[in-house]
Amino acid sequence: MVGQVQARKAAGVILQMIKEGRIAGRGVLLAGQPGTGKTAIAMGMAKALGEETPFAMMAASEIFSLEMSKTEALTQAFRKAIGVRIKEETEIIEGEVVEIEIDRPATGSVSKTGKLTMKTTEMETIYDLGSKMIEALTKQKVQAGDVIAIDKASGKITRLGRSFARSRDYDAMGPTTKFVQCPEGELQKRKEAVHMVTLHEIDVINSRTQGFLALFAGDTGEIRSEVREQIDSKIAEWREEGKADIIPGVLFIDEVHMLDVECFSFLNRALENDLAPILVVATNRGITRIRGTNYKSPHGIPIDLLDRLLIISTQPYTEKELHAILDIRAEEEDVDMTEDAKDLLTKIGAETSLRYAIYLITAASLVATKRKAAAVEVEDIGRAYSLFVDVKRSAQFMMEYQEQFMFNEVPEIEREENGADAAAMEQ
Ligand SMILES: Nc1ncnc2c1ncn2[C@@H]1O[C@H](COP(=O)(O)OP(=O)(O)OP(=O)(O)O)[C@@H](O)[C@H]1O
Ligand SMILES: [Mg+2]
């Protein structure tokens, strides 16, 4: 990212606080003009947090289109942002495959029994195979000389690589073959496995009506509060026994001014819960009406919620920053551009908006391709600029020709004034 130094520093501090687990249950508001990189900063935070910390994101308007109550949608969003790290001891068999013997029955095509010989540096054992294991071994294309791990509970087989001892059998391997040492010690081992899930995933799996398939269908419906209560108390138990850890993640709600009073008061309360993630919200509104009331408030957010939020403001870009951003974008889209064209585009960006300038890159590159030019030049930008109108020109066009449009709502007096303006401009 380019520029926006203040805001990014602030976001960096918040990230640090999240990593140290200091600000669970608090919120951050990203406020600033349209196109100043609020959504981009939030995405950056998500990436910087890494895989371990859950990051749930939603646009506030989504809650109005779901087939569930608004508070249910918000509850689900909150629980998607809380991770549970579950530690589990599993028993595995890990070793190098010495030999796989599958009995081929005289009749019928599927073999049902066989023998698997596995060894470590210290011991060798023969295991009987059932049809399920045979299928799994065939599917993984396990051969003699592979080092594998078998999960005893689930029967899941993982190929760890080929044994170094076999590194001379060139014909049996592709270019991506990984070599590993033959394991030492006992064949059967206890291993600690760590799973990361979110509270929401646990909810879905345990709400019996849909079962875990709902996770894939994405259609979970409402989850009963008894289910959630049971899960919460179970997890509290696990935490005491040291089997599970709670990892508060981040819930990002974009365009937060779209929420209404009910949602805002829900957020107030939810933030005080002891299982709360960090709430990051973004808006480009100034002082405006709070949805569902007649009161006005900064950013369309009630004061009591605002009071719980740390506010990061994003600033409009300077020309230099615009230039740098457009430079990166052009490179990312594989568009070659002359310096003059870039300068013109920067001017356009400053006059109109960053988004419009970014869209012009693609349009101008298409224009350039059409005239079989290698790079985008000033005239291509000019052509794209005349083909696609930005907001200001569109608004002006409508002011001039408003009589010809349907549903015209500009009041009469204003219209006369505008008419006078337009006339003055023409002179
Ligand atoms: N500092 C930056 N560096 C690189 N690209 C940026 C930067 N800031 C914004 N952009 C790009 O500009 C575009 C608009 O940014 P973004 O969507 O984050 O704006 P926003 O603040 O969320 O606007 P809105 O209020 O309209 O939602 C995006 O395509 C983004 O990639
Ligand atoms: Mg945005």
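Number 344 in the working numbering belongs to position 335 of the sequence shown; there are no gaps in the numbering.
Built from N, CA and C at the ideal position, the CB exists for glycine as well.
field: For Ile232, three-class secondary structure by DSSP
entry: coil
Those runs of the beta strand (DSSP E) which lie wholly inside the stretch 107-168 and span at least 3 residues: 123-128, 133-138 and 155-160
message: Do Asn293 and Thr45 count as a contact pair if the criterion is CB distance below 9 Å?
response: yes
Through-space distance from Ile357 to Leu39, alpha-carbon basis: 26 Å
field: Continuous alpha helix (DSSP H) stretch holding Arg31: start and end
entry: Unbroken run through Arg31: none, as it is neither H nor E.
field: Inter-residue spacing [alpha-carbon to alpha-carbon] between Ala433 and Glu409
entry: Only weak support is given to the placement of Ala433: the predicted model assigns it a pLDDT of 49, under 50, and the value that follows is read from those uncertain coordinates. Taking the straight line from one Cα to the other gives about 12 Å.
message: Let's see if you can read the secondary structure: which residues bound the beta strand (DSSP E) around Glu201?
response: Gln197 to Thr207
message: Whole angstroms are fine: how far does the CA of Arg88 sit from the CA of Asn215?
response: 14 Å
task: Kindly examine ligand 2 and report whether one of its heavy atoms sits closer than 8 Å to the Cβ of Glu71.
output: no
query: Apart from the five residues just before and just after Val236, which ones in its own chain have a Cβ nearer than 6 Å to its Cβ?
result: Asn215 and Ser216
task: Drop a sphere of 10 angstroms on the beta-carbon of Arg364, count the other beta-carbons inside from all chains shown, and report buried for 16 or more, exposed for fewer.
output: exposed
- prompt: To which residues of the same chain is Thr355 closer than 7 Å at the C-beta, ignoring the five residues directly before and after it?
  reply: Glu328, Leu331, His332 and Leu335
message: Alpha carbons only, please: which of Glu271, Lys141 and Leu284 is nearest the one belonging to Gly301?
response: Glu271
task: Just tell me which of Ala393, Glu360, Thr99 and Thr361 has its CA closest to the CA of Val376.
output: Ala393
message: Since Glu105 and Cys191 should fall inside the 8 Å C-beta cutoff, what is the C-beta to C-beta distance between them, to a whole number of angstroms?
response: 5 Å
message: For a test of the three-state rule: what should DSSP assign to Ile102, helix, strand or coil?
response: strand
query: In whole angstroms, what is the alpha-carbon distance linking Phe261 and Ala51?
result: 7 Å
- request: Spell out the partners DSSP gives Val189 in its beta bridges.
  value: Ser172
query: In three-state terms, what does DSSP make of Asp212?
result: helix
message: What residue range does the beta strand (DSSP E) around Ile321 cover?
response: Leu318 to Ser322
message: Out of Thr297, Leu284, Leu169 and Ser78, which one is the CA nearest neighbour of Pro307?
response: Thr297
task: Take Ala373 and list the residues in its own chain whose beta-carbon comes closer than 7 Å to its own, dropping the five residues that flank it on each side.
output: Val385, Asp389, Ile390 and Ala393
task: Flag Asn277 as yes when its Cβ comes closer than 8 Å to any non-hydrogen atom of ligand 2, and as no otherwise.
output: no
message: Taking 7 Å as the limit between beta carbons, can you name the residues of its chain near Glu108, skipping five residues before and five after?
response: Thr126 and Ala153
- request: Go ahead and label Tyr326 buried or exposed: buried means 16 or more other beta carbons lie within 10 angstroms of its beta carbon, across all protein chains shown.
  value: buried
message: Counting C-beta neighbours from all protein chains within 10 Å, is the total for Asp155 16 or more, i.e. buried, or is it exposed?
response: buried
task: Alpha carbon to alpha carbon, how far is Arg17 from Val11? Give it in angstroms, no decimals.
output: 10 Å
field: For Val259, the three-state DSSP class (helix, strand or coil)
entry: strand
message: I'd like to check one pair, Asp313 with Thr361: are the Cβ atoms closer than 9 Å?
response: no
message: Rounding to the nearest angstrom, what Cα-Cα distance links Asn277 and Ile27 in this structure?
response: 19 Å
- prompt: Arg298 bridges to which residues according to DSSP?
  reply: Lys305
- request: May I have the straight-line CA-CA distance separating Pro195 from Ser172, to the nearest angstrom?
  value: In the sequence as displayed, the identity of residue 195 is Glu instead of Pro. Each residue's Cα considered, the two are about 17 Å apart.
- prompt: Since Val385 sits in a beta bridge, which residues does DSSP pair it with?
  reply: Met346
query: What three-state label does DSSP hand Ala253 in the structure shown?
result: strand
task: Answer yes or no: do Ile95 and Lys252 have a C-beta to C-beta separation smaller than 9 Å?
output: yes
- prompt: Roughly how many angstroms lie between the CA atoms of Arg158 and Ile101, to the nearest whole one?
  reply: Checking the sequence, you will find Ala at residue 158 rather than Arg. If I take the Cα positions, the gap works out to 6 Å.
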